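First comes the structure, then the notes that go with it.
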Amino acid sequence: MDRLGRYALLLALALAIWGLIAAVVGLRRQRPLTVDSARTTAFGLLAAVAAANGAMLAALLSDDFALRYVAQNSSRATPTFFKVLALWAADDGSLLLWNLVLAGYLAAIAFRFRRYRPETLPVALAVMYAVAVFYLLLVSGPSEPFATLAVAPPDGRGPTPLLQNHPLMAVHPPFLYLGFVGLTVPFAFAIAGLVGDGLSDRWVALIRRWTLAVWCFLTVGLLLGALWSYAVLGWGGYWAWDPVENAALLPWLVATAFLHSVMLQERRGMLKVWNLCLAVGAFALATFGTFLTRGNVLLSVHTFATSAVGPMYLGFLVLVLAGGFGLIAARAWRLRAPGRIDAVLSREASFVGNNLLLLTVTFVVLLGTVFPLAVEATSGRQVTVGGPYFRRTTVPPLLLLLFLLGVGPLLPWRGGSAERLTRRLRLPLGAGAALVLALAVGGLRDPAAVAAFGLAAFVGVANLAEVGAGVRAAMRPGGRSGPPAALGALLRGRRRYGGLLVHVGLALAAVAITASSTLARQSDLTLSRGTAAGFAGYTLRYEGMRTLRQPQRTVLVTDLGVAKDGRDLGRMTPSLNLYPSASEPIGTPSIRTGPLRDLYASVVGVEQDGERATFRFFLNPGVAWLWVGGGVMVLGGLLAVWPTRRHRAPPRPPVGPVRRREPAAVGRG
Amino acid sequence: MTLRPARAWVRRPAAGLAVLLLVALGAVAAVAARGPAPAATPTDRVQAIASGLRCPTCRDLSVADSPAPLARQMRNQIAEGLQAGKSPEAIRREFVAAYGESVLLVPPRRGVGLVAWVAPALLLAGGLLAAVLVVRRWRARGAAAAGGPSATPRTSRADRALLQRALARFEEDGP
Amino acid sequence: MTGSARAMPAAAGTAADQRRPRRVPLLLATVAAVVALAAWLLSVGLQRDPTAIRSPLLGRPAPDFALRTLDGDRVVRLGDLQGQVVVVNFWASWCAECRVEHPALNAAWSRFRDAGVVFVGVDFQDDRRGALAYLAETGTSWPVVADPGSRTALAYGVYGIPETFFIGPDGRVTAKQVGPVTYDQLVREITRLLPGRSG
Chain A
555 MDRLGRYALL LALALAIWGL IAAVVGLRRQ RPLTVDSART TAFGLLAAVA AANGAMLAAL
615 LSDDFALRYV AQNSSRATPT FFKVLALWAA DDGSLLLWNL VLAGYLAAIA FRFRRYRPET
675 LPVALAVMYA VAVFYLLLVS GPSEPFATLA VAPPDGRGPT PLLQNHPLMA VHPPFLYLGF
735 VGLTVPFAFA IAGLVGDGLS DRWVALIRRW TLAVWCFLTV GLLLGALWSY AVLGWGGYWA
795 WDPVENAALL PWLVATAFLH SVMLQERRGM LKVWNLCLAV GAFALATFGT FLTRGNVLLS
855 VHTFATSAVG PMYLGFLVLV LAGGFGLIAA RAWRLRAPGR IDAVLSREAS FVGNNLLLLT
915 VTFVVLLGTV FPLAVEATSG RQVTVGGPYF RRTTVPPLLL LLFLLGVGPL LPWRGGSAER
975 LTRRLRLPLG AGAALVLALA VGGLRDPAAV AAFGLAAFVG VANLAEVGAG VRAAMRPGGR
1035 SGPPAALGAL LRGRRRYGGL LVHVGLALAA VAITASSTLA RQSDLTLSRG TAAGFAGYTL
1095 RYEGMRTLRQ PQRTVLVTDL GVAKDGRDLG RMTPSLNLYP SASEPIGTPS IRTGPLRDLY
1155 ASVVGVEQDG ERATFRFFLN PGVAWLWVGG GVMVLGGLLA VWPTRRHRAP PRPPVGPVRR
1215 REPAAVGRG
Chain B
1067 MTLRPARAWV RRPAAGLAVL LLVALGAVAA VAARGPAPAA TPTDRVQAIA SGLRCPTCRD
1127 LSVADSPAPL ARQMRNQIAE GLQAGKSPEA IRREFVAAYG ESVLLVPPRR GVGLVAWVAP
1187 ALLLAGGLLA AVLVVRRWRA RGAAAAGGPS ATPRTSRADR ALLQRALARF EEDGP
Chain C
3 MTGSARAMPA AAGTAADQRR PRRVPLLLAT VAAVVALAAW LLSVGLQRDP TAIRSPLLGR
63 PAPDFALRTL DGDRVVRLGD LQGQVVVVNF WASWCAECRV EHPALNAAWS RFRDAGVVFV
123 GVDFQDDRRG ALAYLAETGT SWPVVADPGS RTALAYGVYG IPETFFIGPD GRVTAKQVGP
183 VTYDQLVREI TRLLPGRSG
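Chains as they are written, first to last, in the working numbering: chain A, 555 to 1223; chain B, 1067 to 1241; chain C, 3 to 201.
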């Protein structure tokens, strides 16, 4: 099995190198057949990498402990579900997954452009193959997933306990990877646009929807990470401002900025150089993120074991930064078109604000993340930059951004009359002001929270009203009415309504984040069996502990009876999981989710065989809306990305010249 | 534009908006002026200090959030210190004497840590300034390209209304 | 399509050809400088262990403690040990790495106890029965004390046992080891502190 995997990886590396060479040579010597060979190689690459992943999966499922990775990350007692997940539980295996996703994107690009071949395709392919070569070199070199042990142990160590505790492990890394790796696509096409002869800036139109899809994946990945932190780690929160968490947030912020600024380029031909910088920056930040995760640079709950891949990652990151921004510095000046807008109160201006605020947050988070390292490198002092810092520094720009989220969609392109704007602002502003007033009178003490709630209401109402007004106006011509017609109108304008829906989802998430950050309550209570205590209006009674023995762990389950105002509300069962390989138990919290608040219980310690137990209780208001809001954001993104029917290009000879003018339809796609 | 019954505040929508905005801002300012809630119970005061300290064993979390036993014992020590009358600053100093500056969850505001606190404010101010300058420059170029406002021929009211209706339909139908 | 970044054909229609010479080298230099800075910073980061916290106690007087031994028969007070070399070792019976370093501690103890060096073991977040069993099992003969509430551990800045502190006759902490201590380390640090030895 290990030989199959190793050879598959070597084959993949060879194919990637061939693809890179073929793309470059075909371009320079103007040989379209060579370029097409580079394109179709992507399918072979995908097959090879898939075979390698399949080999690892087979080894895991068959308990092939001769493989070092299987011995370290799986065991006979591990349930099959988690054996599959062990593929990405640790550094080496997750690099296999990374390569698979990258090969998948290459194949998707190859497939997408099988008939229509833009001039930027060869260089874009070359860049993607170069990235693939790097990651394949990583798995063929320092990170050896298929390394074997001299003597196969009878049983494996099993996955890290924290990573086999919850099925969310199944989806959090894959979605994050789909997002991170996907940023290679806009990067590749940006480089292609820079290097090409015509300095084509139509790369933006080509990959806009790809970038939107990648954004959706990143959003899902981040949400799942937050959900995992909340439901699995048991500390009661969903975001710890961990360096690796921050590093996953940074590309998302830049990608969001990019999705907005490309609209300025599409419509007004502006910000061409800026968009190039954003595309390179997003990919560089994604690479930086994986560097932090694997290079053991900053301490994090995510850091994999120390490995030799760190220096290679650093080299690659330097190459990406120097190459990408160097190319921009050297060549982008020829693309520059002077920016021009018609009015200050216009959508264009709001996008400028959007980009600058998002980039401000990005730089602040980046600064905070690397600050400890910078201080230690220069002065030797050790400082920490944790949650309170990030909260205090990102809230002001985020509040301003929230304001733009409401005003921006109301501003028309090229500006409009002030009366129309004020008319549209009336309802949202009224809603926001009413909420702010109510909260102030109701006794809320945190001004930032009050402002955030008000702005969220403003944003939600503004965007929903826009969706409503647009759908109603679109329905009018046909004279039909009712949900099917509304749905039809919604789908017809889905690019715009998808975006508005994302804003609504973000407003919901903002409400959830503000509520849970400022209004949460917690308490540590030690209870003897049979006794009860009060917390936040609930009566919690510790009924006892039972022990569950499972093949891979022992679970101590505590039973808590929950009552409120005398009414029995059921049971909560926080537990402690004892794994043989871990010196400390891993807690699993028990959560009662409600529309207004979550009651959250985790057991911190048990004494005297369960006679006494120490619990930590949280009342987290609004957390459910974080998942709902996130879901709405993703739905909005999916709605916006759904392809419109593309005009079929006229039939062409099978292989045409590399130079080709893009059909006009692409601008809408 | 459809005609509406001429209510007073409809005729001056901007004034209505200004009122709403003032109400909202005033409410937020009032909340800010009222100040944060005083730490009610001793537990709150412990949490306030603990949430500024980093748990030495589970490194991502504050001492307030961490379920680790060491964090619990640190909270107990904070509680004892508060009961003994020590100031929060003195308690923090004790932990810094044992664990070093990195036990503080945020960089101290003196010395090199000041950079971490000043930079975000500068970045935000710089970003806003850049946004304003960029928009103004673009607006100026846009006006210049259009030949200046004085060059625009005056359109009739009816024409403008027609234009507004067409624009409205264009926007509502989507891009 | 030339494909090369350096060969610049006279592209028709782009308006800004003339500006190229002045600005581009400066931009390139800026990019190079920023990338070099980032590379240096991250390479420094790669070389250090992010889990290591430097102890602020080095060179400072060791925090005093007065703790009762596990079997309860006497109280060990650091102040009483002024003038002697003291090795304070934080451990627990549930800590696997403490078992790893125990033979080294035992060997050093046998070697130096007659020279007046005092070893003090401080039990960290442990239960008394388990700790006593561990001591019996390993045959620990130096005084081992209990640390209720981990106050002493907190005063010493303990975050990951085993941790060993070396205290000189003047009462100052001269060295700290996080993780299992080796015999050579023990010998080296103790002999440095013994009076009459020149360094």
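All residues carry an ideal CB built from backbone N, CA and C; glycine is no exception.
No experiment lies behind these values; they were computed from the predicted model shown.
Nearest residue (CA-CA) to residue i, options the options
i	options	result
A:E1161	A:T1093, A:G986, A:T1112	A:T1112
A:R671	A:D590, A:T948, A:V655	A:D590
A:D896	B:A1209, B:L1229, B:A1224	B:A1209
A:R1121	A:A662, A:R1103, A:P713, A:L1094	A:L1094
A:V1188	A:V1015, A:T810, A:I1067	A:T810
A:T1108	A:F636, A:N719, A:E1097	A:N719
A:R557	A:L991, A:T702, A:L675	A:T702
B:R1235	A:R888, A:A1023, A:K1118	A:A1023
A:V1157	A:L690, A:P1149, A:G788	A:G788
B:P1173	A:A724, A:T947, A:A840	A:T947
A:Q936	C:E191, C:S57, C:Q49, C:G151	C:S57
Beta-bridge pairing of residue i - partner residues as DSSP gives them
i	result
A:I1145	A:Y1154
A:M817	Paired residues: none, contrary to the question.
A:A1167	A:L1081, A:V1160
A:V624	None; A:V624 has no bridge partner.
A:F879	Paired residues: none, contrary to the question.
A:A1117	A:T1093, A:D1122
A:S591	In DSSP, A:S591 forms no bridge with anything.
A:I761	Looking at the DSSP assignment, A:I761 forms no beta bridge with any residue, so it has no partner.
Same chain, Cβ closer than 7 Å to residue i, neighbours up to 5 away in sequence not counted
i	result
A:L1192	C770
C:L196	V87, A117
A:R1202	The pLDDT assigned to A:R1202 is 46, lower than 50, so where the model puts this residue is not dependable; a value taken from the coordinates is nonetheless given after this. Nothing meets the Cβ criterion.
A:V1065	F1007, A1010, G1176, W1179
A:L574	A680, Y683, A684, V687
A:A606	G559, A562, L563, A566, L650
A:G598	L569
A:L832	V808, A811, F812, S815
Residue environment, residue i, which counts as buried when at least 16 other CB atoms sit within 10 Å
i	result
C:W42	exposed
B:A1227	exposed
C:P63	exposed
A:R1206	Note that A:R1206 scores 49 on pLDDT, short of 50, meaning its location in the model is unreliable and no value can be drawn from it.
C:K178	buried
B:R1120	buried
A:Q584	exposed
B:S1107	The sequence shown places Thr at residue 1107 of chain B, not Ser. Exposed is the call here.
B:A1150	exposed
A:K826	buried
A:R1048	buried
Contacts around residue i, its chain only, beta-carbon distance under 8 Å, and the 5 residues preceding and following it disregarded
i	result
A:L965	L899, S900, R901, A903, S904, L975
C:T184	E103, A106
A:L1053	Residue 1053 of chain A is actually Gly in this sequence, not Leu. P963, G1190, A1194.
Interface flag, residue i vs chain E, CB-CB below 8 Å
i	result
C:A157	This model lacks chain E altogether; the protein chains it does include are A, B and C.
Collapsed DSSP secondary structure at residue i in the structure displayed
i	result
B:I1144	helix
C:Q179	strand
A:A701	coil
A:K826	helix
B:S1128	strand
C:A148	strand
C:E165	strand
A:Q1076	strand
Same chain only: Cβ atoms within 6 Å of residue i, ignoring 5 sequence neighbours per side
i	result
C:S95	D128, G132, A133, Y136
A:L954	L911
C:F167	V90, V175, K178
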